[in-house]
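Following the numbering used here, the numbering of the sequence shown begins with 1445 at its first residue and continues without gaps.
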Amino acid sequence: MKAIMKTSKSRGAAYRDAEVPETSRDGLLIRVTAASISPGDLAMYNSAGPDWAPPFLPFVFGQEFCGEVVQIGSQAKGFDKGDFVSVESHIFCGVCGQCRNDQRHICRDLRVIGRDVPGGLAEYAAVPARCAWKHTDDSLKDIGAVMPPFGSAVHAVLSEDLVGRSVVVSGNAPHGLFAAGIAKAAGAKRVIALDPSPYRRALALRLGASTALDPADTDCLARLSRLCPEGADTVIEMSGSPRSVALGLKALRPGGRLVAFGLPAENLDLDYAGDIVKRGLRLEGISGREIFRSWYKMESLLKSGAVNPRPAITHHFKFKDFKKAFDLINSKEKKCGKIILTP
Ligand SMILES: [Zn+2]
């Protein structure tokens, strides 16, 4: 088969022949029909740091994908050949205290498909059957690859009731675009999107944001204050930009909540006492999604039409043209939303 893989620890990737992976006894072999590029894939491609070095070489990466079941392990239950599935990338251990307390997404022994074990930027991928989500009809087939990030946005946004709330979504890369739509569907009074890219701000408005601002504008905080005179109730911080985190904290009302989702590349220099403690703010870290609890919620949001994530999908490329896709995401202008790659 052909696959996009890391062949060295340096930047970039290669499109090469690879062995079709073996199906484990409790696993499925999937013929991949589409994959989308995740932030983790981008970090792996850019080799941004030791956290994203491949576990071995050559390594097929890719954390977000869907496809057709073509082989079923002897002990895998609940699937038939020909089933269309999306893949949950978290492989949880099932026996640690976290897993036994219904927090499998922050399992102590968590492994991620495409980061710790081979992933889906390939014609075929082998996954544990418990990581597959079977579609019951074709209505979400065109967005099957983006369900994992949509699920993370569902988890981040619906971690608390937003009905009647003023919500700021900071960072309008795909997770933030999805979050804007989900916050609107969740009944937020207003959804303000923040992103330096005019292209992504325009997408955020299409997804459901009521206003979109450039966090780099010197009057951004003043404009946020005019839109939310009491301060924002919730900031969903998905950019990881230290400057945007600081801006988000200042935009919150006393007692407001910062949903911390974006991963800063460096430690933050915060006014911990002044901005957080004395203002009674709450910080909530969100990592991934609550496995299939988030999938059930997203299936409902998507099938009911409450949220339409499709405008966030801006580009499709063939696997062999993967460099064009990564170049586009890496470009300064960020003139893209979610990018889908197909074999
Ligand atoms: Zn566990």
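Glycine is no exception: its CB is placed at the ideal position from the N, C-alpha and C atoms. Fair warning: this is a prediction, and the values are worked out from it, not measured in the lab.
Could you tell me how far apart the beta carbons of R1645 and A1676 are, in whole angstroms, since I believe they sit closer than 8 Å?
Residue numbering aside, residue 1645 sits at position 201 when the sequence shown is read from its first letter. Residue numbering aside, residue 1676 sits at position 232 when the sequence shown is read from its first letter. At roughly 17 Å, the Cβ-Cβ gap does not stay under 8 Å, so R1645 and A1676 are not in contact.
Taking all protein chains shown into account, decide if G1541 is buried (16 or more other Cβ within 10 angstroms of its Cβ) or exposed.
Position 97 of the sequence shown, counting from 1, holds the residue named residue 1541. Under this definition G1541 is an exposed residue.
Along the chain, where does the beta strand (DSSP E) containing Q1515 start, and where does it finish?
As a position in the sequence shown, residue 1515 is number 71, starting the count at 1. It spans E1508 to I1516 - the beta strand (DSSP E) in which Q1515 sits, taken as one unbroken run.
Return the chain-ordered list of same chain residues with a C-beta closer than 6 Å to the C-beta of V1613, the five sequence neighbours on each side being excluded.
Within the sequence shown, the letter at position 169 stands for residue 1613. So the qualifying residues of the chain are G1620, A1623, A1624, A1637 and I1680.
Would you call P1483 buried or exposed, if buried means 16 or more other Cβ atoms sit within 10 Å of its Cβ?
By one-based count along the sequence shown, residue 1483 stands at place 39. Buried is the call here.
For the putative contact between Q1507 and G1471, defined by C-beta atoms under 8 Å, what is the C-beta separation to the nearest angstrom?
Counting from 1 along the sequence shown, the entry for residue 1507 is found at position 63. Counting from 1 along the sequence shown, the entry for residue 1471 is found at position 27. The Cβ separation is near 17 Å, so there is no contact.
Looking at M1449 and P1502, is the spacing between their C-beta atoms short of 7 Å?
Sequence index remark: in the sequence shown, residue 1502 carries index 58 (1-based). Sequence index remark: in the sequence shown, residue 1449 carries index 5 (1-based). A contact, by the Cβ cut-off of 7 Å.
Taking the beta strand (DSSP E) that A1479 falls in, what are its first and last residues?
Sequence index remark: in the sequence shown, residue 1479 carries index 35 (1-based). It spans G1471 to S1480 - the beta strand (DSSP E) in which A1479 sits, taken as one unbroken run.
Near E1466, what residues of its chain come up, given a Cβ to Cβ distance below 7 Å and the 5 sequence neighbours on each side ignored?
On the sequence shown, position 22 is the one that residue 1466 refers to. Contacts found: A1570.
Do L1427 and A1479 have their C-beta atoms within less than 7 Å of each other?
For the chain, the structure presents residues 1445 to 1787; residue 1427 sits outside this window and is missing.
Decide if the segment 1722 to 1730 is in contact with the segment 1689 to 1706; the criterion is three or more beta carbon pairs, one per stretch, under 8 Å apart.
Judged by Cβ distances under 8 Å, the segment 1722 to 1730 makes contact with the segment 1689 to 1706, as three or more pairs qualify.
Could you tell me how far apart the beta carbons of C1510 and S1530 are, in whole angstroms, since I believe they sit closer than 8 Å?
The residue given as residue 1510 occupies position 66 in the sequence shown. The residue given as residue 1530 occupies position 86 in the sequence shown. Indeed, because the Cβ distance is near 4 Å, the residues count as touching under 8 Å.
To the nearest angstrom, how far is the alpha carbon of C1672 from that of A1458?
As a working mapping, residue 1672 is identified with position 228 in the sequence shown. As a working mapping, residue 1458 is identified with position 14 in the sequence shown. Their backbone Cα atoms lie some 48 Å apart in a straight line.
Quick one: is E1710 buried, meaning 16 or more other Cβ sit within 10 Å of its Cβ, or exposed?
Against the sequence shown, residue 1710 aligns to sequence position 266. Exposed: under 16 other Cβ atoms inside 10 Å.
Which whole runs of the alpha helix (DSSP H) in the segment 1511 to 1573 are 4 residues long or more, in chain order?
1541 to 1544
Residues bridged to F1699 (per DSSP)
Here the question's residue 1699 lines up with position 255 in the sequence shown. The residue you asked about is not Phe; residue 1699 is Gly in the sequence shown. DSSP output for G1699 lists no bridge partner at all.
For ligand 1, I want to know if Q1542 counts as a neighbour, meaning its beta carbon is within less than 6 Å of at least one of the ligand's heavy atoms.
Translated into the one-based positions of the sequence shown, residue 1542 becomes position 98. For ligand 1, at least one heavy atom lies less than 6 Å from the Cβ of Q1542.
Cβ contact (3+ pairs, closer than 8 Å) linking the segment 1748 to 1760 and the segment 1554 to 1561
no
Cβ distance (whole Å) where V1601 is taken to contact I1626 below 8 Å
Along the sequence shown, read from residue 1 onward, the residue named residue 1601 stands at position 157. Along the sequence shown, read from residue 1 onward, the residue named residue 1626 stands at position 182. About 4 Å separates the CB atoms of V1601 and I1626; that is less than 8 Å, so the two are in contact.
Using DSSP's beta-bridge definition, name the partner residues of G1729.
Taking the first residue of the sequence shown as position 1, residue 1729 is located at position 285. According to DSSP, G1729 bridges with A1704.
Please confirm whether H1579 and G1732 have their CB atoms less than 7 Å apart.
Translated into the one-based positions of the sequence shown, residue 1579 becomes position 135. Translated into the one-based positions of the sequence shown, residue 1732 becomes position 288. For H1579 and G1732, no; Cβs fall outside 7 Å.
Alpha carbon to alpha carbon, what distance is there between L1647 and P1618?
Taking the sequence shown and counting its residues from 1, one reaches residue 1618 at position 174. Taking the sequence shown and counting its residues from 1, one reaches residue 1647 at position 203. If I take the Cα positions, the gap works out to 9 Å.
According to the neighbour-count rule (16 or more other Cβ atoms, all chains shown, within 10 Å of its Cβ), is N1616 buried or exposed?
In the sequence shown, the residue the question calls residue 1616 occupies position 172. Answer is buried; the Cβ neighbour count reaches 16.
So, with DSSP's three-state summary, where would you put R1460?
In the sequence shown, residue 1460 corresponds to position 16, counting from 1. Of the three classes helix, strand and coil, the one that applies to R1460 here is strand, per DSSP.
Within the present structure, is the beta-carbon of C1551 separated from the nearest heavy atom of ligand 1 by less than 6 Å?
Working through the sequence shown from its first residue, we reach residue 1551 at position 107. Yes, Cβ of C1551 sits closer than 6 Å to a heavy atom of ligand 1.
If you run the structure through DSSP and keep just helix, strand and coil, what is H1759?
Looking up residue 1759 in the sequence shown gives position 315. Looking at H1759 - three-state DSSP - the assignment turns out to be strand.
Answer with buried or exposed for D1639, where buried requires no fewer than 16 other C-beta atoms within 10 angstroms of its C-beta.
In the sequence shown, counting from the first residue as 1, residue 1639 sits at position 195. So D1639 ends up on the buried side.
Kindly indicate which residue of F1594, G1588, G1595 and G1631 has the alpha-carbon position closest to the one of G1608.
Along the sequence shown, read from residue 1 onward, the residue named residue 1608 stands at position 164. Residue G1631 holds the alpha-carbon nearest to the alpha-carbon of G1608 among F1594, G1588, G1595 and G1631.
Starting from the C-beta of A1653, find all residues in its chain whose C-beta is less than 6 Å away, skip the five residues before and the five after it, and write them out in chain order.
As a first step, residue 1653 is located in the sequence shown; it is residue number 209 there, counting from the start. Once the five neighbours on either side are set aside, the close Cβ partners of A1653 are A1624, V1635 and A1637.
From this set, R1544, A1573 and Q1547, which residue's C-alpha is nearest E1512's C-alpha?
In the sequence shown, counting from the first residue as 1, residue 1512 sits at position 68. Among R1544, A1573 and Q1547, the Cα nearest to that of E1512 belongs to A1573.
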